[in-house]
Amino acid sequence: MPHSGEALGVDAANLYNAGRFKVKVLADQFGGAATSLLGTQAGDGIFARDPRVGGSLGPAKGAFDELRDQVVGLLKETQQNMQDTGDALVMAALEYAATDEGSRTAFKGIRETLDAENHVPPVPS
Amino acid sequence: MSWEQLGDHAAKIQQSAIIMDLRQRGFGYDKGRVYDSSMTDEQVQTVVDITAGRFAGVAAMFDPFIKTADPAGFDRLSERLATEVAHWLNAGQGKGGTEMAANPDLGRMDDVKNLVEPWFGAAAVNFRDNFLSKWPGITANQFLLIMILKGAAEAEAGVWRAARASIDDIAHKAQAALDAMLDCNPKDLAFLLTVAGSIGAVGGFVTTGGLSLTLTVLGEVSASAGAIPFGDKKELPFSGKNAMAIVNAVQGAITELIGQVIAAENKILESLNAGLSAVAGSSDLFIAPRPALADATPATIRDETAGLGSALG
Chain A
45 MPHSGEALGV DAANLYNAGR FKVKVLADQF GGAATSLLGT QAGDGIFARD
95 PRVGGSLGPA KGAFDELRDQ VVGLLKETQQ NMQDTGDALV MAALEYAATD
145 EGSRTAFKGI RETLDAENHV PPVPS
Chain B
-14 MSWEQLGDHA AKIQQSAIIM DLRQRGFGYD KGRVYDSSMT DEQVQTVVDI
36 TAGRFAGVAA MFDPFIKTAD PAGFDRLSER LATEVAHWLN AGQGKGGTEM
86 AANPDLGRMD DVKNLVEPWF GAAAVNFRDN FLSKWPGITA NQFLLIMILK
136 GAAEAEAGVW RAARASIDDI AHKAQAALDA MLDCNPKDLA FLLTVAGSIG
186 AVGGFVTTGG LSLTLTVLGE VSASAGAIPF GDKKELPFSG KNAMAIVNAV
236 QGAITELIGQ VIAAENKILE SLNAGLSAVA GSSDLFIAPR PALADATPAT
286 IRDETAGLGS ALG
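As you go down the protein sequences, you meet chains A and B in turn. Mapping the first sequence onto our numbering, position 13 (from 1) lands on 57, and the numbers just tick up by one. Mapping the second sequence onto our numbering, position 204 (from 1) lands on 189, and the numbers just tick up by one.
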């Protein structure tokens, strides 16, 4: 039997919690990791040496850069997928919460608690 | 003597080789002046010039190591890769090298499984089966790739730290041998090259999902408990009987040292290339398919076939 009323409001709040405070938090962390990894490019001068010792930047520099770029791409794609999924979960929560008065009321109460617990301003209704 | 002073010491070794060669051949030396009572100053100068010519390239032999890659820079890179990148994907599987705190937030994805459990629309099922269920393994594999990068940085630091110590050892012992060359029992010494034993494979990392390639995380042996070195320290004995023998031994040791650095860096290259091959050949082990849910719209989100459908239970 499909949920409705208060039960659906709780389900919607769970989607909101999953999207806003789980998936999107991790998406931000993966995005931060990707940005930090990209930021390590600034240190490439550390490979420089006399060219008689394996070339001016050594044999490993090219593969290091290539793998770093690959990992940046993986992290960014993961971040984007999670960000969009998190947004979709929040959107779904708001859609389902608007089903009826019971779901709307239950969702509103739980959402306010979740927002307060996570120290973030609530999304606009 | 330290690596930073290598240029000065290389020049001193060249000067010592010239002087000790002349003294061994019977010339006197005092306060910068070479003399021989049976020769005119002009004749002595000619001999000095010829001798200086024979040793003209000695200081330059050290040139390949006057400018080296920067071990401290690689230490900083390794530290950044650990704390600013790998940490976020570390569920507690990081071993060896820099100790790194696990990211407790990764557990939030387990919470998500529970929070979406009542939903059975196609997008919900797709999210559970194609994304959430693969999440731990794929995150672990992404973490492993970052650790390969971190290990490469740590290994580069190890290689160049050992290279600087080894060239310092060569310079120090060459100078000591020259200084003692005219003793009754000139020293027989050995240069100690430590690059080959400075890096190794760090155990404890496993890819998830049946990757056919073996991925190896490297590390600096002195910094990574349990690291298995690729080689051993190498001693190169040499005779201190005359200046040319010492100089030739220095040249041989420097050539050997260059070879050790290149061989060690090729091990680092192999580790990085294995990571690249793994991503190219098995990308599904390193990235989850984009969930259908990610592209849902307000018009589709409640749909049974394209959205979350109904919550049941």
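Just so you know, even glycine gets a beta-carbon here, dropped at the ideal spot from N, CA and C.
In terms of Cα proximity to B/Asn227, the closest of B/Arg275, B/Leu174, B/Met132, B/Val191 is B/Leu174. Distance from the CA atom of B/Val19 to the CA atom of B/Val29, rounded to whole angstroms, is 7 Å. When C-beta distances to chain A are compared with 8 Å, the residues of the segment 249 to 276 of chain B below that value are Glu250, Asn251, Ile253, Leu254, Leu257, Asn258, Gly260, Leu261, Val264, Phe271, Ile272, Ala273, Arg275, Pro276, in chain order. In this structure, B/Leu196 sits away from B/Leu254, with a CB-CB distance that is not shorter than 8 Å. With a cut-off of 8 Å on Cβ pairs, the segment 156 to 171 of chain B is not in contact with the segment 100 to 109 of chain B, counting fewer than three such pairs. Taking 8 Å as the Cβ-Cβ cut-off, the segment 59 to 80 of chain A approaches chain B at Leu59, Asn61, Ala62, Phe65, Lys66, Val67, Val69, Leu70, Gln73, Phe74, Gly76, Ala77, Ser80, given in chain order. A/Leu82 has its alpha-carbon roughly 7 Å from the corresponding atom of A/Asp113. Scanning chain B for C-beta atoms nearer than 9 Å to the C-beta of A/Gln114 yields Leu130, Gly260, Leu261, Val264, Ala265, Phe271, reported in chain order. A/Gly102 and B/Ala249 have their C-alpha atoms some 11 Å from each other. The DSSP assignment places 13 to 15, 18 to 20 as complete runs of the beta strand (DSSP E) inside the segment 0 to 44 of chain B, in order along the chain (cut-off: 3 residues). Scanning chain B for C-beta atoms nearer than 8 Å to the C-beta of A/Asp55 yields Pro103, Trp104, Ala296, reported in chain order. Taking 8 Å as the CB threshold, A/Phe108 lines the interface with chain B. With a cut-off of 8 Å on Cβ pairs, the segment 134 to 143 of chain A is in contact with the segment 54 to 65 of chain A, counting three or more such pairs. With 16 or more other Cβ atoms inside 10 Å of its own Cβ, B/Asn88 counts as buried. Exclusion of the five residues before and after B/Val235 leaves Met46, Ile155, Ala159 as the residues of its chain whose Cβ lies within less than 7 Å of its Cβ. Under a 10 Å Cβ-count criterion, B/Asn126 is classified as buried, with 16 or more other Cβ atoms of the shown protein chains found around its own Cβ. The segment 177 to 205 of chain B is shown to contain whole beta strand (DSSP E) runs of 3 or more residues at 184 to 187, 202 to 205, in chain order.
Around the beta carbon of B/Ala138, 16 or more other beta carbons lie within 10 angstroms, which makes this residue buried. With respect to chain B, the C-beta atom of A/Thr157 has no partner C-beta closer than 8 Å.
Selection B/Thr240, B/Leu134, B/Ser183, B/Ile3 evaluated against B/Phe50 yields B/Thr240 as nearest (Cα-Cα). Within the segment 219 to 264 of chain B, the complete beta strand (DSSP E) segments of 3 residues or longer fall at 219 to 224, listed in chain order. For B/Asp173, the three-state secondary structure derived from DSSP is strand. By the CB criterion at 8 Å, B/Leu129 and B/Thr192 fall inside the cutoff.
The straight-line gap separating the alpha-carbon atoms of A/Arg93 and B/Val70 is approximately 27 Å.
Apart from sequence neighbours up to five positions away, the residues of its chain that approach A/Ala62 with a beta-carbon distance below 6 Å are Leu133, ordered along the chain. Listed along the chain, the chain A residues whose CB falls inside 8 Å of the CB of B/Ile133 are Leu111. Around B/Ile243, the beta-carbon contacts reaching into chain A at under 7 Å are Arg96, Val97.
For a Cβ distance threshold of 7 Å, residue set Ala54, Asp55, Gly58, Phe59, Leu62 of chain B lies close to A/Ile90, ordered along the chain. Per the C-alpha coordinates, the member of B/Gly122, B/Thr25, B/Ser118, B/Asn99 positioned closest to B/Ala76 is B/Gly122.
Chain order gives the chain B residues near A/Pro46 as Ser295, Ala296, Leu297, where near means a beta carbon separation below 8 Å.
When CB distances to chain B are screened at a threshold of 9 Å, the residues of the segment 116 to 128 of chain A falling below it are Gly117, Leu118, Leu119, Glu121, Thr122, Gln124, Asn125, Met126, Gln127, Asp128, in chain order.
With the rule of 3 Cβ pairs closer than 8 Å, the segment 175 to 189 of chain B counts as touching the segment 207 to 221 of chain B.
Per the coordinates, the alpha-carbon of A/Glu50 lies some 55 Å from the alpha-carbon of A/Gly87. Excluding residues up to 5 positions away in sequence, Ser183, Ile184, Glu205 lie with their Cβ nearer than 6 Å to the Cβ of B/Gly143 in the same chain. Classified as exposed, B/Asn99 has fewer than 16 neighbouring CB atoms from the shown chains inside 10 Å of its CB. Excluding five sequence positions before and after B/Trp145, the CB atoms of its chain that fall closer than 6 Å to its own CB belong to Thr53, Ala54, Pro56, given in chain order.
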